[in-house]
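For reference, each letter of the sequence shown is one residue, going 71 to 259 in this note's numbering.
Where is the CB? At the ideal position from N, CA and C, for every residue including glycine.
Please read these numbers as outputs of a predicted model, since none were measured by experiment.
What follows is one structure encoded as structure tokens, with my remarks underneath.
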Amino acid sequence: MELLRLSIRSTPARLGIESPRGQLQMESKPAQLEISSPRVDMQIRQPRGELSIDASAAWLALGLGGPLETNTLKTQQANERTAEAIDRIVQKGNRMAQITNKSDAVVELAAGALIQDSEGIRIWGPASNMNVKMEYTPHPAEINAKPAHPDIQVHVNKPDIQYTPGKAKIYVEQMNSIRIWVSQYDLYA
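And the structure:
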């Protein structure tokens with residue numbers, strides 16, 4: 071027995087798409103920088119130092135000291151001479167008290183008095199290169215500065231951007247189709 075058979079075959083459509091990348095061009099110019107720095111206002115002042123000179127010991131060494139210094143010098147020397155005289159008198163008394171000594175004490179003391187040279191009172195002081203005393207006191211420099219801030223100007227340049235998009239290409243790679251046919255079908259074959 072032969073029957074009719076209906077056959078249907080379909081093929082799907084296939085689309086092809088090609089999309090190249092776009093082109094991007096970018097240029098960026100450097101920024102312009104302007105810096106101006108005004109001068110700093112500065113004032114410097116140097117005060118004079120203080121110099122003190124004490125030459126009173128030098129004048130005293132030359133015998134030209136003031137009345138107070140001269141009297142002080144005379145008083146000190148008089149005290150020293152008095153102490154020396156008392157010491158000599160004590161030594162003479164001790165010598166005369168030595169009765170066990172066979173030599174004549176009066177003759178020895180008289181001979182010593184002839185030789186002894188007594189120094190008088192001086193009205194000048196000791197001479198030295200250190201008699202003049204100097205003292206210097208420096209004063210620090212006075213610096214006044216008023217800072218000036220720099221003036222900074224920046225001019226930014228915008229970047230130049232150009233974009234060229236790629237063109238998409240769309241096409242049918244395979245057409246869709248439906249095929250329908252009738253064929254005979256042998257059931258017993």
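For residue i, the nearest candidate out of the options (CA to CA)
| i | options | result |
| --- | --- | --- |
| Arg84 | Met200, Asp157, Gln223, Ile240 | Ile240 |
| Ser98 | Pro90, Leu257, Pro235, Lys228 | Lys228 |
| Gly133 | Ala197, Gln232, Asp221 | Ala197 |
| Asp221 | Ala181, Leu257, Lys144, Pro108 | Pro108 |
| Pro208 | Pro117, Thr81, Arg75, Glu104 | Pro117 |
| Gln244 | Leu73, Leu74, Ile87 | Ile87 |
| Ile231 | Glu178, Ala181, Leu94, Leu74 | Leu94 |
| Met204 | Ile78, Ser106, Leu138, Gly119 | Gly119 |
| Gln161 | Leu179, Tyr233, Tyr255 | Leu179 |
Exposure label - residue i; buried when at least 16 CB within 10 Å
| i | result |
| --- | --- |
| Ala167 | exposed |
| Gln121 | The displayed chain sequence assigns Leu, not Gln, to residue 121. Exposed. |
| Ala238 | exposed |
| Gly135 | buried |
| Ala125 | exposed |
| Leu76 | exposed |
| Leu74 | exposed |
Own chain, CB closer than 8 Å to residue i, minus 5 neighbours either side, in chain order
| i | result |
| --- | --- |
| Ala101 | Val224, His225, Val226, Asn227 |
| Pro217 | Val110 |
| Val202 | Ile123, Asp124, Ala125, Ala127, Ala128 |
Same chain, Cβ closer than 6 Å to residue i, five either side skipped, listed in chain order
| i | result |
| --- | --- |
| Glu212 | Arg115 |
| Glu104 | Gln223 |
| Ala175 | Arg165, Met166 |
Simplified DSSP state of residue i, which is helix, strand or coil
| i | result |
| --- | --- |
| Ser80 | strand |
| Asn141 | helix |
| Ala215 | strand |
| Asp256 | strand |
Residues bridged to residue i (per DSSP)
| i | result |
| --- | --- |
| Met204 | Ile123 |
| Leu74 | Gln254 |
| Ser247 | Thr81 |
Beta carbon proximity, residue i to chain D, threshold 8 Å
| i | result |
| --- | --- |
| Leu257 | The chain inventory of the structure shown lacks chain D, comprising one protein chain alone. |
Nonlocal neighbours in the same chain, by C-beta distance under 7 Å from residue i, ignoring five residues either side
| i | result |
| --- | --- |
| Pro235 | Gly92 |
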